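Below is one structure, written out as structure tokens; the observations come after it.
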Amino acid sequence: MSETILVLGASGQIGNELTQRLRVLYGNNNVIASDIREGNNQMMSSGPFELIDATDKETILKVIKKYNVSQVYLLAAMLSATAEKFPQKAWDLNMNSLLAVLDLAKEKHIKQVYWPSSIAVFGPTTPKENTPQKTIMEPSTVYGISKLSGEFWCNYYHKKYGVDVRSLRYPGIISWKTKPGGGTTDYAVDIYFKAIEDGNYECFLSENTRLPMMYMNDAVEATIKIMQAKPKDVKIRSAYNLAAIDFTPKEIALEIKKHIPNFTITYKPDFRQEIADSWPSSINDNDAKQDWNWNPKFDLESMTEDIISNLKAE
Ligand code: SER
110 MSETILVLGA SGQIGNELTQ RLRVLYGNNN VIASDIREGN NQMMSSGPFE LIDATDKETI
170 LKVIKKYNVS QVYLLAAMLS ATAEKFPQKA WDLNMNSLLA VLDLAKEKHI KQVYWPSSIA
230 VFGPTTPKEN TPQKTIMEPS TVYGISKLSG EFWCNYYHKK YGVDVRSLRY PGIISWKTKP
290 GGGTTDYAVD IYFKAIEDGN YECFLSENTR LPMMYMNDAV EATIKIMQAK PKDVKIRSAY
350 NLAAIDFTPK EIALEIKKHI PNFTITYKPD FRQEIADSWP SSINDNDAKQ DWNWNPKFDL
410 ESMTEDIISN LKAE
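Mapping of the sequence shown onto the working numbering: residues 110 to 423, in sequence order.
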């Protein structure tokens, strides 16, 4: 498998860990990390890095030519909570970066594109439990509107121009190496850091808010799996539903208490509660399972064990 890969948004939560995994699989020098800001030491020292604004098509093209890039993973985006504060900026970043990369694929500068969608494409009128792949989609956030529009663009470029673009509707992604920024599901990351540092956490969602979630290791695995699948097995060219676990703040707090018995949690819902309430509580990902053998490895228990032991060892 010889590919040269450009990761846009490599300093972000998913970009960082995805880049490191891709470097292991494809060779350090074959994975070019890029972002508008430099990454951590490991990223900067383990392979090439370029400063790129993901909406700047000309610079992306220059880097593609410089390294002879064959695949682009576009991870740059503004997440749900920040996007509500800066709607125009979010729309410009989330849409213009996608259209730039899709155009570069249409113009045959690259062979394959990965772009993430999100559970935010669903809205308050969507069936909440076991949300199907095809269902009512009326997103009520700017982020969700940009992701749903992006899905339609991906499908359009695939059907009309034969662009090989692949996409997943990520649930909330939980990590400990890099923190997310500006998302509604971020509480499930912050809670681990606060539990270890302070022994307590004030949650910005209410105790029974159930959301679909996934450990970073599974998210990285799914991303690489769909990119490595045979083109004929990728039957959905908008974006696949993807699931692993779902839980409430109360349930994750109880799981943390098994490791840190004195841990306490309080609840002070803010504007992010309304965003969370508009999203599904669990997702049906049968299509991903059938089409390209998706199978998550981590549940709430094993994820919590892994995160806490890693954070304690830091
Ligand atoms: N985790 C994201 C957010 O909260 C959802 O895709 O914005």
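Glycine included, each C-beta is placed from N, C-alpha and C at the ideal position. Only a predicted model underlies this, so the values are computations on that prediction, with no experimental measurement involved.
Range covered by the alpha helix (DSSP H) that runs through residue i
i    : result
P196 : 196-215
L351 : Unbroken run through L351: none, as it is neither H nor E.
V251 : 251-270
M412 : 409-422
L363 : 358-366
E306 : 296-306
Q399 : 395-401
R346 : Neither: R346 is in no alpha helix (DSSP H) and is coded neither H nor E.
Q242 : Counting along the chain, Q242 falls outside any alpha helix (DSSP H), and DSSP gives it neither H nor E.
A385 : 381-386
Bridge-paired residues (DSSP) for residue i
i    : result
D165 : Paired residues: none, contrary to the question.
C105 : Shown here, the chain extends from 110 to 423; a query on residue 105 therefore has no answer.
A142 : V116, F158
V329 : DSSP lists no partner for V329.
V230 : Answer is none; V230 lacks a bridge partner.
V274 : V222
I282 : M323
I392 : T240
Whether residue i touches residue j by CB criterion (8 Å)
i    : j    : result
F407 : E193 : no
L351 : R278 : yes
T128 : N177 : no
P469 : T318 : The requested residue 469 does not occur in the structure, where the chain is confined to residues 110 to 423.
L207 : W262 : yes
L188 : P289 : yes
L134 : I333 : yes
A229 : K256 : yes
L160 : I145 : yes
G259 : N203 : yes
I123 : A397 : no
A186 : G253 : no
F158 : S179 : no
T413 : I354 : no
E316 : Y376 : yes
S347 : N264 : yes
K237 : P389 : yes
L314 : Q242 : no
V172 : V222 : no
A190 : G292 : yes
T240 : N393 : yes
F356 : L409 : yes
G156 : R130 : no
I416 : N309 : no
Where the beta strand (DSSP E) containing residue i begins and where it ends
i    : result
R278 : 277-279
P321 : 320-324
V222 : 221-223
V133 : First-last for V133: 122-135, but that is the alpha helix (DSSP H), not the beta strand (DSSP E).
Q180 : 180-183
beta-carbon residue i near the ligand SAH non-hydrogen atom, thresh 7 Å
i    : result
A397 : Questions concerning the ligand SAH fall outside what the structure shown contains, since the ligands it does hold are the ligand SER.
**Asked** Three or more C-beta pairs closer than 8 Å, one from the segment 196-216 and one from the segment 140-151: is that the case here?
**Response** Of all C-beta pairs linking the segment 196-216 to the segment 140-151, fewer than three are shorter than 8 Å, placing the two stretches out of contact.
**Asked** Would you call the segment 296-306 and the segment 244-264 touching, i.e. three or more CB-CB distances under 8 Å?
**Response** Contact between the segment 296-306 and the segment 244-264 is absent, with fewer than three C-beta pairs closer than 8 Å.
**Request:** Evaluate contact between the segment 322-335 and the segment 389-408, counting only Cβ atoms and requiring at least three cross-stretch pairs below 8 Å.
**Result:** yes
**Request:** Inspect the CB distances between the segment 391-402 and the segment 336-348 and report whether three or more fall short of 8 Å.
**Result:** yes
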